[in-house]
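Novice: Take UniProt numbering: the last position of the sequence shown gets the number 470, and nothing is skipped along the way. Built from N, CA and C at the ideal position, the CB exists for glycine as well. All of these numbers come straight from a predicted model, not from anything done at the bench.
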Amino acid sequence: MTPASLPTQLSELTATDALTLFRQGELSPVELTRDCLERIDTLNPKVNAFVHIAHDGAMKAARDAEARWMNGSPCGPLDGVPTTLKDLTLSRDMPTRYGSATTSPDGGSDVDAPVAASLRKAGAVFLGKTASPEYGWKGVTDNPLHGVTRNPWNTTLTSGGSSGGAGAAAALNLGMLHQGSDAGGSIRIPCSFTGTFGLKPTFGWIPQWPTSAMSTLSHLGPMTRTASDSALMLASMARPDARDGLLGNPHGIDWNAPLPLSLEGWKIAYSPTLGYVDVAQDIRLRVDEAVALLSRLGADVIEINPGFACPLDIFNTLWFAGATQVVEKMTDSQREQMDPGLLDIAERGSHISLSQYLAARRERTALCAHMQSFHEQWDLLVTPTLPISPFAAGHNVPPGEKYADWMDWTPFSYPFNLTQQPAASLPCGLDDQGLPVGLHLVGGKFQDMKVMHAAMLLEEMLPGLVYPRP
């Protein structure tokens with residue numbers, strides 16, 4: 001990319017753009033970080049994406065990065081790039097509140113979680129912490145401590161969750177790199193609602209500590225405006241850490257592997273409904289149009305369902321049991337301060353028997369085996385990310401609709417937490433209301449680069465979004 005092709009406004013730069021300008025001496029990390037912080041101060045009151053803004057820490061880190069670039073010795077591949085962490089991720093010098101009034105206002109940590117440590121070592125400049133629902137329990141972002149997070153495309157609407165703060169920040173480019181987590185869709189849901197890209201990598205690529213209450217459903221991953229920036233971020237996030245007791249594949253992956261020229265020879269299964277999901281017509285149309293581009297890239301695309309029944313009962317058994325783990329350590333006075341919805345699913349989880357829990361695990365294992373067999377034939381499975389458009393903020397489900405719980409309107413995401421496969425949401429256009437639509441790309445286990453390469457090739461063909469300024 002030549003300097004002439006780079007955006008002229010700092011607010012439109014990708015991480016890749018910023019690093020190019022740092023390298024050429026045409027932009028300073030201090031200048032970029034200051035611009036991000038000023039825009040956060042202006043825009044965050046409108047969307048509530050950030051629950052902590054690290055003005056002093058970010059500027060110090062930016063000055064240190066500037067000095068290294070001036071000496072021609074950046075400390076790592078992300079040196080000086082403005083970055084955020086989710087409020088479920090421990091980090092030095094910033095509080096971690098889990099979106100909960102049950103935590104201490106001084107809830108800092110003297111150590112970084114593995115993902116924070118890896119990003120810091122790579123030179124990322126931490127701007128602050130982004131919003132999550134309490135303990136990340138649901139698919140929208142509001143909590144008793146920090147209130148409601150809103151969608152930059154329309155601030156009366158939800159940005160999704162649980163990484164809704166990161167999604168809103170990415171859409172507004174309040175920082176170029178954003179860390180999310182996803183135990184049932186929590187990266188992909190907000191990416192779909194905010195017109196951004198996010199990947200839930202294969203479980204185990206990115207180490208986790210402390211372990212999530214949702215255990216092996218939970219994945220950490222990047223949320224960015226572009227798939228290329230997510231690949232850049234993954235190369236630094238996916239580093240082994242001895243504290244992670246649930247490691248997956250011990251071998252690394254080349255997140256910067258060369259992009260193929262086409263998808264010639266690929267077999268892609270397109271399932272617009274998984275065989276059982278009701279999808280809004282305008283969303284289906286945008287997804288159909290994006291899938292047609294896969295054929296133009298050379299792939300053999302066939303409409304076919306993956307052949308499993310709705311696994312909601314399996315997911316809910318494991319999810320509710322995890323919620324019980326969160327709540328059972330709380331005192332009565334703490335429970336009075338908590339989100340009633342979290343208390344409700346924890347109560348339901350407390351009635352799950354050991355036999356029911358083990359049965360759900362066996363059924364999960366069978367689903368994993370089924371999808372591994374499926375991907376022996378298919379390089380990718382493609383679906384919509386969500387069957388609906390963003391709805392009113394402050395609600396767990398669309399008001400007046402048929403859904404009882406957030407899991408009911410996220411049927412494309414949580415099955416692939418059960419199977420631990422890589423899955424990404426790529427913006428593929430706007431619905432009839434002018435709101436973003438997400439394309440869901442699912443790969444076989446440990447085939448993350450197939451997902452990333454397909455996303456990057458599609459990204460070059462899809463019309464770019466003009467992001468809003470609330």
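1. Does the Cβ of V111 have 16 or more other Cβ atoms within 10 Å, making it buried, or fewer, making it exposed?
2. With DSSP collapsed to three states, give me the class of Q179.
3. For L367, which residues in the same chain have their Cβ closer than 8 Å to its Cβ, ignoring the five residues on either side in sequence?
4. Any chance the segment 185 to 205 sits against the segment 140 to 160, with 3 or more Cβ pairs inside 8 Å?
5. I need the DSSP call for residue 487, collapsed to helix, strand or coil.
6. Under three-state DSSP, which class holds D229?
7. Who are the near neighbours of E66 in its chain, counting only those whose CB is closer than 8 Å to its CB and skipping five residues on each side?
8. Over what stretch of residues does the alpha helix (DSSP H) that includes G349 continue unbroken?
9. Relative to the alpha-carbon of T141, which residue among P190, F126, A54 has its alpha-carbon at the smallest distance?
10. From G434, R284, T83, pick the residue whose C-alpha is nearest to that of S236; which is it?
11. According to DSSP, Y270 sits in a beta bridge with which residue or residues?
12. Quick check: what's the CA-CA separation for L259 versus R348?
13. Along the alpha helix (DSSP H) that carries I40, what are the first and last residues, could you check?
14. For I53, write down the residues that DSSP places opposite it in a beta bridge.
15. With DSSP as the reference, identify every bridge partner of G400, one or two as the case may be.
16. Identify, in the order they occur along the chain, each residue of the same chain with its Cβ nearer than 8 Å to the Cβ of V125, setting aside the five sequence neighbours on each side.
17. Report the CB separation of P384 from R284 in whole angstroms; it is logged as a contact under 8 Å.
18. Alpha carbon to alpha carbon, what distance is there between T216 and L457?
19. Using DSSP with H/G/I as helix, E/B as strand and the rest coil, what is M214?
20. Assuming L199 and A424 form a contact by the criterion Cβ under 8 Å, report the distance between their Cβ atoms to the nearest whole angstrom.
21. Which same chain residues, not among the five before or five after Q421, have their C-beta less than 7 Å away from its C-beta?
22. Roughly how many angstroms separate the alpha carbons of L145 and G180, rounded to a whole number?
23. Evaluate the contact criterion for the segment 393 to 401 versus the segment 167 to 187: three or more CB pairs, one atom per stretch, below 8 Å.
Specialist: To lay it out plainly:
1. What you label residue 111 is simply residue 111 of the sequence shown in a count that begins at 1. Answer is exposed; the Cβ neighbour count stays below 16.
2. The sequence position of residue 179 within the sequence shown is 179, counting from 1. It is a strand residue.
3. In the sequence shown, the residue the question calls residue 367 occupies position 367. The residues are F308, P311, I314, P415, L418, T419.
4. Touching, yes, given that three or more Cβ pairs across the two stretches are closer than 8 Å.
5. The chain is shown from 1 up to 470; residue 487 falls before or after that span and cannot be answered.
6. Against the sequence shown, residue 229 aligns to sequence position 229. DSSP places D229 in the helix class (H, G or I) of the three-state scheme.
7. As a first step, residue 66 is located in the sequence shown; it is residue number 66 there, counting from the start. Correct list, in chain order: S28, P29, V30, G80.
8. As a first step, residue 349 is located in the sequence shown; it is residue number 349 there, counting from the start. It spans 340 to 350 - the alpha helix (DSSP H) in which G349 sits, taken as one unbroken run.
9. As a working mapping, residue 141 is identified with position 141 in the sequence shown. Comparing Cα positions, the closest option is P190.
10. Mapped onto the sequence shown, residue 236 falls at position 236. The residue from G434, R284, T83 with its alpha-carbon nearest to that of S236 is T83.
11. Sequence index remark: in the sequence shown, residue 270 carries index 270 (1-based). Y270 is bridged to E303, V382.
12. Looking up residue 259 in the sequence shown gives position 259. Looking up residue 348 in the sequence shown gives position 348. So the alpha carbons of these two residues sit roughly 47 Å apart.
13. Locating residue 40 in the sequence shown gives position 40, where the first residue counts as 1. For I40, the enclosing alpha helix (DSSP H) has its first and last residue at 29 to 47.
14. Translated into positions along the sequence shown, residue 53 becomes position 53. Listed as beta-bridge partners of I53 by DSSP are G128.
15. Mapped onto the sequence shown, residue 400 falls at position 400. Residue pairing for G400: DSSP places it in no beta bridge.
16. Locating residue 125 in the sequence shown gives position 125, where the first residue counts as 1. Result list for V125: P29, T33, A58, A61, A62, A65, G80, V81, P82, T83, in chain order.
17. Translated into the one-based positions of the sequence shown, residue 384 becomes position 384. Translated into the one-based positions of the sequence shown, residue 284 becomes position 284. Contact between P384 and R284 holds, since their C-beta atoms are separated by about 7 Å, short of 8 Å.
18. Taking the first residue of the sequence shown as 1, we reach residue 457 at position 457. Taking the first residue of the sequence shown as 1, we reach residue 216 at position 216. Approximately 30 Å between the Cα atoms of the pair.
19. As a first step, residue 214 must be located in the sequence shown, where it is residue number 214. In this structure, M214 counts as coil in the three-state DSSP scheme.
20. Translated into the one-based positions of the sequence shown, residue 199 becomes position 199. Translated into the one-based positions of the sequence shown, residue 424 becomes position 424. Yes, L199 and A424 are in contact; Cβ-Cβ is about 4 Å, under 8 Å.
21. Position 421 of the sequence shown, counted from the first residue, corresponds to residue 421. Setting aside the 5 residues that flank it on each side, Q421 is surrounded in the same chain by T202, M371, V442, G443, G444, K445, each with a C-beta closer than 7 Å to its C-beta; the list follows chain order.
22. The count along the sequence shown starts at 1 and reaches residue 145 at position 145. The count along the sequence shown starts at 1 and reaches residue 180 at position 180. Distance between the alpha carbons of L145 and G180: 19 Å.
23. In this structure the segment 393 to 401 does not lie against the segment 167 to 187, because fewer than three pairs of beta carbons, one per stretch, are closer than 8 Å.
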